[in-house]
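My numbering puts the first residue of the sequence shown at 41, with every later residue one more than the last.
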Amino acid sequence: MSEQGMSPHGADDAVADLGPYVQGPEHSGFAAEEIDTSRPHPARMYDYYLGGWDNYEVDRVAAERVIEVHPQVRLSARANRAFLRRAVRELVAGGIRQIIDIGTGIPTSPNTHEVARETAPDTRVVYVDNDPIVATHAGARLTTTEGTAFVLGDVRDPQAVLHHPAVRELIDFDRPVALLLVAVLHFIRDDEDPAALIATLAEALPAGSCLVLSHATGEPYEAYAQGRTDERARDGVVSVYQSSTATLNLRTKAGIEPLFGPFTLLEPGVVRVPLWRPDGAVPGAEELNNTIFYGGVGRKG
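Shown next, in the form of structure tokens:
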């Protein structure tokens, strides 16, 4: 390796293979015995990469297997999280006061609403994730503050997300919205049509709305002369995720850029996440080669 016009997936269509998530806005939670801890979950593995404790033994074992073949994965996770923070600060400073954060993962402070409210305390945030473990932690850490909510939902069911009562209560779709899909779409297969999912979400958002997207890749950093695809590491990581609740689908920069669809990319475009409007020292080429996330921000015209 070197971490949304209408789609055919309407609100009443069956959405297959959503793992633990049950389609529809009426689905509000899980009993503890319904939580699947028999297979690793990407959100809990990501929590482990970030040094969190909200994971199970099965997640830690899988994450350690990833670390064994790609030791820099923790570097990538931290860089990806820093990209999210910079992008949120930038968009809130530009006037956006509403955020839908899909695939939020295990809460990791500072969370999206905390970052946004450093600039604008009235920012409203809806968190969305399909993992019931995330829902459990969200109730304790994300939704105790006025102006925040959590929705148990899946990006593969965008209409259910958009029409969920909590989303409709907090988000005014006549005003610009920041849509966050950070380290999410590489868990969507090509046959699930990630571009169509983004197009469905985008259709509901007014002009001036923005998309923040990051995506894992297996290609080397183009400005690193010694860079090459480490096929053993790439295949080893992909193999670990084959046994998790969501497969890993690495894409190239050329495959990621079209996902922005109706969102016009802001400068500097799709880049390795440390290079997106850095607020400190920029890593060297070798570290950028080992940072496996591309990131970018687009604005709907």
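Every residue gets a Cβ at the ideal spot worked out from N, C-alpha and C, and that includes glycine. As the structure is a prediction and not an experimental result, all values here were calculated from the model.
Can you list, in chain order, the residues of its chain whose CB lies under 7 Å from that of residue i, leaving out five sequence neighbours each side?
i: R137; result: A160, D162, T163, R164
i: V113; result: Y89, V106, I107
i: V132; result: A156, T159, A160, T163
i: G338; result: C250, L251, F300, F303, T304, L305, L306
i: I296; result: H255, V310, Y334
i: V322; result: P314, L315
i: A103; result: M85, Y88, Y89
i: P234; result: L225, I228, L299
i: T292; result: T257, E259
i: V280; result: A102, R105, V106
Less than 6 Å between C-beta atoms, sequence neighbours within five positions excluded: which residues of the same chain meet that for residue i?
i: A119; result: V313, P314, T331
i: V278; result: L288
i: P302; result: A242, K340
i: Y96; result: T77
i: P387; result: No information on residue 387 is available, as it lies outside the stretch 41 to 341 that the chain covers here.
List the residues that DSSP assigns as beta-bridge partners of residue i.
i: I140; result: V166, L219
i: Y334; result: H255, R312
i: R339; result: C250, T304
i: A189; result: V166
How close, in whole Å, do the beta carbons of residue i and residue j come, if the pair is a contact with beta carbons under 8 Å?
i: G309; j: G336; result: 6 Å
i: L251; j: L221; result: 7 Å
i: A189; j: L202; result: Not confirmed; about 14 Å, so no contact.
i: L237; j: P298; result: That belief does not hold up - the Cβ atoms of L237 and P298 are roughly 13 Å apart, past 8 Å.
i: V168; j: D141; result: 7 Å
i: T152; j: V128; result: 6 Å
i: V166; j: A206; result: 6 Å
On the criterion of 16 or more Cβ atoms from any shown chain inside 10 Å, does residue i qualify as buried, or is it exposed?
i: W93; result: exposed
i: T185; result: exposed
i: G341; result: exposed
i: S78; result: exposed
i: E259; result: buried
i: G143; result: buried
i: D231; result: exposed
i: G145; result: buried
i: E130; result: buried
i: R208; result: exposed
i: A263; result: exposed
i: V101; result: exposed
i: P111; result: exposed
i: P82; result: buried
i: S68; result: At S68 the pLDDT is 41, less than 50, meaning the model places this residue with poor confidence and gives no usable figure here.
i: S283; result: exposed
i: D319; result: exposed
i: A72; result: Its pLDDT being 47, under 50, A72 is placed unreliably in this model, and the value from its coordinates should be taken loosely. When all chains shown are included, A72 counts as exposed.
Tell me which residues share the same chain as residue i and place their Cβ nearer than 8 Å to its Cβ, disregarding the 5 neighbours each side in the sequence.
i: F333; result: E43, S116, A119, N120, F123, A223, S254, H255, A256, T257, R312, V313
i: V98; result: T77, S78, R79, P80
Can you determine whether any heavy atom of the ligand MG sits closer than 7 Å to the C-beta of residue i, and answer yes or no?
i: D275; result: With respect to the ligand MG, the structure offers nothing, as it holds no ligand at all.
> Would the segment 316-333 and the segment 254-267 be scored as touching if the rule is three or more Cβ pairs under 8 Å?
Replying inline: yes
>> Count Cβ pairs between the segment 239-249 and the segment 210-228 that sit closer than 8 Å; are there 3 or more?
In response: yes
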